[in-house]
Amino acid sequence: MQEWALLAVTAVLIIVAVSYVAPKLGVAAPVLLVLVGMGCSQLPGAPHLFVEPEWILVVVLPPILYSAAVNVPVVDFRRNFATIGALSVLLVVVSAFGTGLLIWWLLPEIGFAAALALGAVISPPDAVAATSIGKKLGLPPRLVTILEGEGLVNDATALVLLRTAIVAITASVSFGSALGDFAYAVSAGVAVGAAVGIVSVWARARIQGQPVLTTAISYVVPFLAFIPAEEVHASGVIAVVVAGLITGHQSARRFTAHDRISERTNWRTIQLLLENGVFLLMGFELTSVIGAVADDEIARTLVLGALATVALVVLRVAFTIPVIALLRRQQRRADAFTGKLESFVDRFTARGPTPGEEKRYDRGIRMLQRKQADVAFYASEGLSWRGGAVLAWSGMRGVVTVAAAQTLPEDLPYRSELILIAFTVAILTLVVQGGSLPLVIRWLGIRGNDQDHERREYARLAGELVTASRTLLESSTLCRENGEPFDEHLLEQTLERIIAMSEGIEKKLTEQDPDMSMHQRFELQRMMADAQQNALLDARASGTYASHTLEKAQNFVDSQSTRFM
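For reference, each letter of the sequence shown is one residue, going 1 to 565 in the UniProt record's numbering.
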């Protein structure tokens with residue numbers, strides 16, 4: 001037990017150290033962790049480490065997917081649903097059959113079903129490395145959303161396909177039954193995930209204001225979605241993703257600020273340890289995986305893994321070309337449709353509501369506003385061919401490939417070789433594609449959204465928020481919760497501060513360097529917080545104040561400091 005505890009502590013320290021160093025080296029942490037894991041496995045006295053694949057698929061994968069899904073905006077996911085679906089379903093199927101046929105041709109004695117099972121194992125990319133690099137280097141937000149969405153959904157397709165292929169090894173499976181199983185797995189997974197997401201949000205909203213309790217509930221939500229879905233032979237992956245999307249979408253409306261901050265902070269830590277822990281384990285287990293293969297088969301197996309990697313890259317590039325062509329066509333159509341939609345909206349609003357249909361008119365206005373926003377998004381957020389090149393090169397494999405490979409039946413011929421092929425694909429894509437992706441992005445010269453545009457957009461939104469506050473303060477019906485009026489002097493002071501904020505936002509829209517004053521303000525506030533913290537340390541050292549008074553003051557200083565981090 002102490003040995004396992006020591007290994008866990010060492011792994012956490014390695015993950016933290018590598019995650020700190022990797023950005024300074026310009027390398028994605030998963031890539032570096034795989035290499036570190038490979039190096040650690042060669043150290044004298046390194047233990048033989050094997051983790052049951054069910055632990056990764058049932059214990060590690062659900063929280064990883066949930067933590068990612070919670071942070072994906074539902075609006076962006078909806079707008080890119082067709083692209084995400086094409087990459088996470090069609091491309092996975094094409095990749096599985098393409099590489100399966102290749103492996104079957106090169107290794108015919110294993111049979112097509114086993115080759116297809118391996119193809120399903122190596123078909124789903126892991127978006128962790130790509131999105132971490134992309135966010136750091138400022139990829140367009142739409143491209144990052146597509147990569148994140150693909151990484152969330154493609155695991156479900158691969159695991160359902162793997163399940164079907166394993167059944168086909170010992171029994172016949174028709175195309176119709178396989179398609180029916182997939183449709184059932186997805187639809188039932190959506191139903192289970194939606195139910196868990198809605199109920200969990202409702203339960204957490206009932207105890208809001210207690211972030212420790214609500215965060216504790218969030219820890220079990222991915223398992224509440226995954227396990228029941230798998231028990232009814234649905235897709236646990238889809239269930240977890242749907243539950244996460246619903247939770248993330250409803251959090252702004254149903255949870256308090258403290259609940260959201262607590263959940264976000266804790267889940268980021270969990271995500272860091274679990275995701276990176278799997279990549280470290282991947283590198284560490286490689287020695288054992290190679291050792292399970294006969295010496296005279298190692299070279300051939302590694303070559304097969306390299307050929308499968310090349311095939312996956314070629315298939316992804318070929319699939320990406322029509323996807324980008326369709327997205328560019330969508331952008332042109334949206335640009336041409338913008339004027340027509342604006343004319344229709346003007347006519348609709350000019351007509352106004354008819355008596356008795358005010359609510360219906362308001363719903364129509366909201367629908368038209370959403371349609372306008374969608375069209376504006378498609379017109380302005382199109383992906384160029386350079387973005388398509390990044391999308392095509394972001395095919396790194398990870399968690400699911402490593403775990404699913406080890407779920408292949410024990411009596412399967414050439415099982416050790418198939419597992420080594422999967423590990424080879426995962427490590428080659430991570431090291432080669434993941435290691436070179438920053439260079440590809442810089443070479444292509446891809447940039448995200450225009451910073452001036454984002455600044456103006458943020459200022460407009462902030463202006464709307466300030467206007468809402470000002471309208472509330474100037475309302476004649478404003479009163480306290482007990483029905484008593486607010487103090488007039490307090491209202492005047494608050495209104496003056498809101499007016500000053502409004503003027504500052506207007507100034508931000510017209511300044512040549514609007515960030516200068518904001519940065520100075522944040523710098524000044526941080527210096528003030530540091531001064532308060534030093535004074536509090538002196539007070540703590542003097543022993544003058546009671547401990548509960550010091551704790552209360554520390555919480556106040558911490559809350560002020562976090563506003564300017």
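Cβ coordinates follow ideal geometry from the N, Cα and C atoms, glycine included.
Following the DSSP letters along the chain, one finds W385 inside the alpha helix (DSSP H) bounded by residues W385 to W393. C-alpha of R329 to C-alpha of N154: approximately 25 Å in a straight line. Distance from the CA atom of A252 to the CA atom of V70, rounded to whole angstroms, is 11 Å. Counting along the chain, the unbroken alpha helix (DSSP H) around N276 starts and ends at A257 to G291.
Counting along the chain, F344 sits inside the alpha helix (DSSP H) bounded by residues D295 to R351.
Annotated as proximal: L162 and A117, with beta-carbon spacing under 7 Å. Under the criterion of beta carbons closer than 8 Å, S88 and E3 do not qualify as touching, at roughly 40 Å.
Going by C-alpha positions, A82 is about 45 Å away from A5. Annotation: the continuous alpha helix (DSSP H) that includes T401 extends over V399 to A405. Close CB contacts of V12 within its chain, under the 7 Å cut and outside five residues either way in sequence, are with L273 (chain order).
Looking at the backbone, the Cα of E231 and that of G364 are separated by about 42 Å. Fully enclosed alpha helix (DSSP H) runs of no fewer than 4 residues occupy 415 to 428 and 435 to 444 of the stretch 401 to 446, in order along the chain. Contact between the stretch 125 to 140 and the stretch 423 to 437 is present: 3 or more CB-CB pairs across the two stretches fall below 8 Å. Of the residues S218, M282 and A529, the one whose Cα lies closest to the Cα of R260 is S218.
For E474, the three-state secondary structure derived from DSSP is coil. Of E464, R370 and A292, the smallest CA-CA separation from I419 is found for A292. Of A234, A229, P222 and I298, the smallest CA-CA separation from G248 is found for P222. The stretch 381 to 400 makes contact with the stretch 113 to 127, as at least three CB pairs between them are under 8 Å.
For A308, the CB contacts under 7 Å within the same chain, skipping 5 residues up- and downstream, are T99, L102, I103, I122, I421 and V425 in chain order. By the C-beta density criterion, T349 is exposed, having fewer than 16 other C-beta atoms within 10 angstroms. Burial state of D530 is exposed, judged by a 10 Å Cβ sphere holding fewer than 16 other Cβ atoms. Distance from the CA of S95 to the CA of S469, rounded to the nearest whole angstrom, comes to 53 Å. In this structure, L368 sits near V345, with a CB-CB distance shorter than 7 Å. Buried is the label assigned to Y378, since at least 16 other Cβ atoms lie within 10 Å of its Cβ. Short of 6 Å from the beta carbon of I110, and not among the five residues preceding or following it, lie these beta carbons of its own chain, in chain order: P413 and Y414. The stretch 234 to 249 makes contact with the stretch 183 to 191; the number of CB pairs closer than 8 Å reaches 3 or more. Non-local beta-carbon contacts of V196 in its own chain, meaning distances under 6 Å to residues more than five positions away in sequence, involve L224, A225 and A243 in chain order.
Within 10 angstroms of the beta-carbon of V128 lie 16 or more other beta-carbons, which makes it buried.
DSSP places M38 inside the alpha helix (DSSP H), whose first and last residues are A29 to S41. Separation of S380 and T145 (C-alpha to C-alpha, rounded to the nearest whole angstrom) is 15 Å.
The DSSP assignment places 91 to 106 and 112 to 122 as complete runs of the alpha helix (DSSP H) inside the stretch 87 to 132, in order along the chain (cut-off: 4 residues). When the beta-carbon positions are compared, L213 and V74 stay at least 7 Å from each other. In the DSSP assignment, P228 falls within the alpha helix (DSSP H) that extends over P211 to E231.
Contact annotation: R386 and L326 have beta-carbon atoms that are not nearer than 7 Å.
Taking 7 Å as the cut-off, the Cβ atoms of L304 and L147 do not count as close.
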